[in-house]
Structures are given as C-alpha cells and as structure tokens.
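Q: Dropping a structure here in structure tokens format, bear with me for questions.
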Amino acid sequence: MTRKTIAPGAVLVINAGSSSLKYQLVDPLTEKVYADGLAERIGEATGSAIKHEAFGRKRTVEVSLPDHQAAIGTVAEMLREDGIFLVDAELAAVGHRVVHGGRSFHAPTVIDDEVRAEIERIAPLAPLHNPPNLVGIEAVSALLPDVPAVAIFDTAFFHNLPDESATYALDAETAAKYAIRRYGFHGTSHQYVSRRAAEFLGRPVEEINQIVLHLGNGASVSAVQRGQPIDTSMGMTPLEGLVMGTRTGDIDPGIAFQLARVGGMSVDEIDHLYNKQSGLKGLCGDNDFRTILERVDAGDPAAVAAYRVYLHRLRHYIGAYLIELGAVDALVFTAGVGENAAAVRADALADLQMYGITIDPVRNAIRSGEARRISTDDSSVAVLVVPTNEELAIARQSVAVVAGP
Ligand code: AMP
Numbered sequence: 007m008t009r010k011t012i013a014p015g016a017v018l019v020i021n022a023g024s025s026s027l028k029y030q031l032v033d034p035l036t037e038k039v040y041a042d043g044l045a046e047r048i049g050e051a052t053g054s055a056i057k058h059e060a061f062g063r064k065r066t067v068e069v070s071l072p073d074h075q076a077a078i079g080t081v082a083e084m085l086r087e088d089g090i091f092l093v094d095a096e097l098a099a100v101g102h103r104v105v106h107g108g109r110s111f112h113a114p115t116v117i118d119d120e121v122r123a124e125i126e127r128i129a130p131l132a133p134l135h136n137p138p139n140l141v142g143i144e145a146v147s148a149l150l151p152d153v154p155a156v157a158i159f160d161t162a163f164f165h166n167l168p169d170e171s172a173t174y175a176l177d178a179e180t181a182a183k184y185a186i187r188r189y190g191f192h193g194t195s196h197q198y199v200s201r202r203a204a205e206f207l208g209r210p211v212e213e214i215n216q217i218v219l220h221l222g223n224g225a226s227v228s229a230v231q232r233g234q235p236i237d238t239s240m241g242m243t244p245l246e247g248l249v250m251g252t253r254t255g256d257i258d259p260g261i262a263f264q265l266a267r268v269g270g271m272s273v274d275e276i277d278h279l280y281n282k283q284s285g286l287k288g289l290c291g292d293n294d295f296r297t298i299l300e301r302v303d304a305g306d307p308a309a310v311a312a313y314r315v316y317l318h319r320l321r322h323y324i325g326a327y328l329i330e331l332g333a334v335d336a337l338v339f340t341a342g343v344g345e346n347a348a349a350v351r352a353d354a355l356a357d358l359q360m361y362g363i364t365i366d367p368v369r370n371a372i373r374s375g376e377a378r379r380i381s382t383d384d385s386s387v388a389v390l391v392v393p394t395n396e397e398l399a400i401a402r403q404s405v406a407v408v409a410g411p
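Numbering (the numbering used here), first residue to last: 7 to 411.
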C-alpha cells in the first residue's frame, strides 16, 4: 500500500466506552475525514470487531481485542494498510471525549499526570463513563506518547449553569458532600450546534436565544441564551430529562425506593433497568427510531403509546424553555432522530403557532445533510435542522488548546 499524505495538524479523535472505542482521523481546518471507525466488544470473549472506513473504503474485521490497547494497536495497523502511518503523521493532537468534568474542568484541557489524576478523582460522578475514558487515554498515549492528548468534557459547556437551574432541592450539606448538582451532558454537541445555527442565521450567537434539541439514542434539550446555556435536561447524570432510547429520563425518585423495598432489586439492578431497559425500548421493545416510526405507521399500539410518551416529554421541555428564555429566535433539531425524523419534528412542534412556531411541511420533508430552515418564512421562531459533528468540534477545540492563547 502506498503511503497517503495526511496534512500536518490532523487530529485523532477518540471516544472510549467500557467495551468500545470510536475513532476519527480528521483535519480540523479542511474538515476532511481521513478515516473513522468503531471497535466493539473489547475485552469480550467473542464477537470483537472493528468497523473501519478510510478514503471511502469500508471494511469490518473480526479480531480478538483483549483490551483498549489492543484495539488502538489494531486500528493503527489497519490505518497502515490504508497507507496512513499514525506514528509519524505529525498529528496536532489526540482529542479525547471525557464524559464528566465535574466542577474541576470547564474547558478543553491538555492531559498530564495531574489532569489524569483529577479525572480519576471525579470518576465516582460517572462510574460508567470516566473510567473507560481514562483507559482510552492510557491506551492511545502508549501508542502516541509524543502527541499532545487533550480532554474535551461533555459537561464543560454547562459549567456556568445558573445556580437555580443547577441546584437540586436536596439537603444542601449532603449535596455539597457528594458534589450533587446538575452538570448537563452532550455539551460539545449543544455548543457546536448553537454556534452553527447562529452562523446559518447570519447572526452573532451572543444576540440570539435558542432551544437546542439533541435527539439521538441519548437525548437532551438545552436553553441557550445569547450563546450561554441557562438550562439543560440532563442533570447529575445523563439519565435525567427526555425519554431516550433505553433511558427513563425524568422519573419520580421514589420509584427507586419502591423497586428496592418491594421488588428487592439492588442498586446495580435498578441502574441497569433505568439506563438500559427503559425509555422507548422499555415501553415498546425497540429503541431504533426508524423501527418505531414504521410500527407507529402500521398502528402498532405499543409503539404508538411509546411515541406519545416520548413526544409528551419533549413538548414539556420545549414549553418550559420557551418560558425560561422568554424570547426565542431559533429552535434547532440535531442528532440521529432530530436530523432525520421529519415526523418527530412535526409532531414535537404541532399547534404552536400562537408561540410563533410554524413548520413548513414541504421544507420539513426534504432530506439533506446540510443545515437548513424548516419553518415557514413568517414563523417568528426559526426552526432549523443542524447536523451535529462532535468529532469535528473535539478536533477543533483540541487544536486550539494545544496552540495556546
Ligand atoms: P444518534 O444517537 O445521534 O446516533 O441517533 C441514533 C438514533 O437516530 C436511532 O434511534 C436511529 O433510529 C435514529 N435515526 C437515524 N436515522 C433515522 C431516520 N432516517 N429516521 C428516523 N430515525 C433515525
């Protein structure tokens, strides 16, 4: 395989989960994606594989992946087969998505021993997420010890949520002792999309108010006032808020007591139930929205009921954020469902003309990968679809922090 030219300054973006590792090699200036992929079932006895794409060529290799280091090693080998030599590619940075920055991190941060120790210290805030993020950091640093590693925190954008929105009405001493507050997640996406939406409208982000709806398998809404979030639906953990693919979203905290006392369930069992067995999947058996919408169209009662619960919660938040923001310039849909499911967008905003929100059904039905307006020209609130690109946002932020002020 002949060696391919990678522009100096490209960034390797890494999103490490407990048994997965998502990666993308991207040039943050030209937005060119050289390669991306997903290693799955890391550390499992069977079924481990890497789905990989480079220069438009897709392939899946089934390969034993005992740990994250093996996964990144195999990815590097696959890239070599594509003519990309990571080790001497003159990468500007490796950008790591880190889920929880706690109160310690509110900006992209170059990772050194101290930062690593701090991410570890706050890991109890996100026991399912931060430890695998750290494992990813270790594994890639071992492969690329000379490339600066940068942590991009999913919570960072929400670091300055106003106290009244960040505070749970829990005994204050207990809350302080355990760092219990609302942190918010999907921040990289909410930040990127709110800025892109402002660009699309040709207005400074500091001059407009937006409601950003990140509707994917995980889902969250944020109220962004003049570029700064004043509220968001996810809280201490990514469980709070909207009904999601497999997560409950908002739920009476007392339900956990009932499940423990009457149902005899352990904390881990309840955690699993809330995170993996609930949401749309729990309600109708499916969490892929394409399947759900097909079932809704076919009149399947369980899917229809689940869809109604989903919409009810979504509209609840839209209403709340309209009031919190007072004046709203744009409502912005993003992520897998928000970008692709015209029916969800139409149903979420049905009959809101009195709030200045009117979707144009023809514009809404158009499929496109570009930012676009789907509201009528006379809708005083612009309704937009803006594709998110967390990898590009991570790459850009990583380069910016490495370049320094
Ligand atoms: P994400 O987490 O952003 O990758 O989004 C994943 C969700 O987007 C899944 O529920 C998919 O079913 C949904 N999705 C992707 N494409 C479509 C589509 N064309 N119509 C409806 N839902 C879609």
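We put the beta carbon where it would ideally sit given N, CA and C, even for glycine.
Mind listing, in chain order, the continuous alpha helix (DSSP H) runs of no fewer than 4 residues lying wholly within the stretch 135 to 190?
A: 136 to 149, 169 to 172, 178 to 183
Q: Where does Q234 sit, in a helix, a strand or coil, going by DSSP?
A: strand
Q: Pop quiz: V218 and A98 are said to be a contact at Cβ under 8 Å. What is the actual Cβ separation, rounded to whole angstroms?
A: Actually they do not touch by this definition, with Cβ atoms about 28 Å apart.
Q: Hey, L299 and Y280: beta-carbon distance below 9 Å or not?
A: In this structure, Y280 does not lie closer than 9 Å to L299 by Cβ.
Q: Let me check you understand the geometry: is the CB of T297 closer than 8 Å to at least one non-hydrogen atom of the ligand AMP?
A: yes
Q: Beta carbon of I78, beta carbon of Y29: below 9 Å?
A: yes
Q: Go ahead and label N166 buried or exposed: buried means 16 or more other beta carbons lie within 10 angstroms of its beta carbon, across all protein chains shown.
A: exposed
Q: Which same chain residues, not among the five before or five after L286, have their C-beta less than 7 Å away from its C-beta?
A: V249, G251, D292, N293, I298, A312, Y316
Q: Under 8 Å, with one C-beta from each stretch per pair, do the stretch 191 to 199 and the stretch 111 to 130 reach the 3-pair mark?
A: Touching, no, given that fewer than three Cβ pairs across the two stretches are closer than 8 Å.
Q: To the nearest angstrom, how far is it from the Cα of R188 to the Cα of A333?
A: 24 Å
Q: For H278, is the classification buried or exposed, using 16 other Cβ atoms within 10 angstroms of its Cβ as the cut-off for buried?
A: exposed
Q: Please tell me whether, using a cut-off of 8 Å, the distance from the CB of D237 to the nearest non-hydrogen atom of the ligand AMP is below it.
A: no
Q: Which value, in whole angstroms, describes the spacing of the CA atoms of A341 and P393?
A: 6 Å
Q: Please work out which residues of its chain come closer than 8 Å, Cβ to Cβ, to N136, disregarding the five sequence neighbours upstream and downstream, and give them in chain order.
A: V104, V105, H106, I125, E126, I128, A129
Q: Does DSSP put E59 in a helix, a strand or coil?
A: strand
Q: Is N293 near the ligand MG, judged by its Cβ being under 8 Å from some heavy atom?
A: No copy of the ligand MG appears in this structure; the ligands present are the ligand AMP.
Q: Rounded C-beta distance between Q359 and G101? I'm assuming under 8 Å.
A: Contact between Q359 and G101 is absent: CB atoms are separated by about 43 Å, not below the 8 Å threshold.
Q: Out of A162, V81, P72, T80, state which residue places its alpha-carbon closest to the alpha-carbon of A112.
A: One detail in the question is off: residue 112 reads as His in this sequence, not Ala. Of A162, V81, P72, T80, the residue nearest in Cα terms is A162.
Q: Which residue spans inside the stretch 76 to 131 form an unbroken beta strand (DSSP E) run of at least 3?
A: 99 to 104
Q: Beta carbon of P235, beta carbon of G193: below 9 Å?
A: yes
Q: Going by the CB atoms, is the gap between I90 and K183 shorter than 9 Å?
A: no
Q: Beta carbon of G342: closer than 8 Å to some heavy atom of the ligand AMP?
A: yes
Q: Quick one: what's got a C-beta closer than 6 Å to I372's C-beta in the same chain, skipping five residues either side?
A: none
Q: Could you check what DSSP says for Q264 in three-state terms: helix, strand or coil?
A: helix
Q: The beta strand (DSSP E) with D42 in it runs from where to where?
A: From DSSP, the beta strand (DSSP E) with D42 extends over 39 to 46.
Q: Heavy atom of the ligand AMP less than 8 Å from the Cβ of G251, yes or no?
A: Answer for G251: yes, Cβ within range of the ligand AMP.
Q: For my contact list, R47 and A55 are in at a C-beta cut-off of 8 Å; report their separation, rounded to the angstrom.
A: 7 Å
Q: Return the bridge partner residues of Q216 from the DSSP annotation.
A: V230, A336
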